[in-house]
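Asks:
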Amino acid sequence: MFASITMQAQLKKHYTNADEIKAAIKTVLTTEMTAEDGALVKFKEKNNATGTYNFDITINDKGQVKSVFVVERQGGSEELLNLLKDAVLKLKMGFKTPKGKRYKINYKFQF
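In structure tokens form, the structure reads like this:
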């Protein structure tokens, strides 16, 4: 007798509209900056982050951050800037986009 086991994989949301994708990226970044367990909230606490950092951020079709380009920095330090870039590169958006496409947004991190 064989037992049948049904497993459901957690499906990632799949966006196809560029405006929806860009809004979703900004929502994820804002959540990471404000939620109690957000990665960037923890980053701020760990590094005593201060200043404002304006980045151009590109994600791929799997929701991974692929590039972070510094547009402007006000306050803070060069060392903190590099640590923040690394932290942002580790973020995952938790959704997918059309295969082979990349999306770029501008986002301002204020600590």
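According to numbering that gives the first Met the number 0, the stretch in the sequence shown is residues 0 to 110, in order.
Think of the CB as a built atom: it goes at the ideal place given N, C-alpha and C, for glycine as much as any other residue.
Keep in mind that this is a model prediction, so the values were computed, not measured.
Between I56 and V67, is the Cβ-Cβ spacing less than 7 angstroms?
Replies: The residue given as residue 56 occupies position 57 in the sequence shown. The residue given as residue 67 occupies position 68 in the sequence shown. Yes, these two residues count as a Cβ contact at 7 angstroms.
Asks: Between the segment 22–33 and the segment 70–85, do at least 3 Cβ pairs fall closer than 8 angstroms?
Replies: As far as the Cβ criterion goes, the segment 22–33 does not touch the segment 70–85, which means the pair count is below three.
Asks: When we look at the beta-carbon of A17 and count the other beta-carbons within 10 Å, is it buried (16 or more) or exposed?
Replies: For the purposes of this step, residue 17 is identified with residue 18 of the sequence shown, where counting begins at 1. Exposed, because fewer than 16 other Cβ atoms sit within 10 Å of the Cβ of A17.
Asks: In chain order, which beta strand (DSSP E) runs of at least 3 residues are fully inside the segment 10–80?
Replies: Listed in chain order, they are 51–58 and 64–73.
Asks: Buried or exposed: where does T51 fall if 16 or more other Cβ atoms within 10 Å of its Cβ makes it buried?
Replies: Start at 1 with the first residue of the sequence shown, and residue 51 comes out as number 52. Under this definition T51 is an exposed residue.
Asks: I need the straight-line Cα distance from K91 to N105, nearest angstrom please.
Replies: Counting from one through the sequence shown, the residue named residue 91 turns up at place 92. Counting from one through the sequence shown, the residue named residue 105 turns up at place 106. One C-alpha to the other measures close to 17 angstroms.
Asks: If you count every other CB in all the chains shown that lies within 10 Å of the CB of G93, and 16 or more means buried, which is it?
Replies: Start at 1 with the first residue of the sequence shown, and residue 93 comes out as number 94. It counts as exposed.
Asks: Using DSSP's beta-bridge definition, name the partner residues of K107.
Replies: What you label residue 107 is simply residue 108 of the sequence shown in a count that begins at 1. Note: K107 sits in a beta bridge opposite N53.
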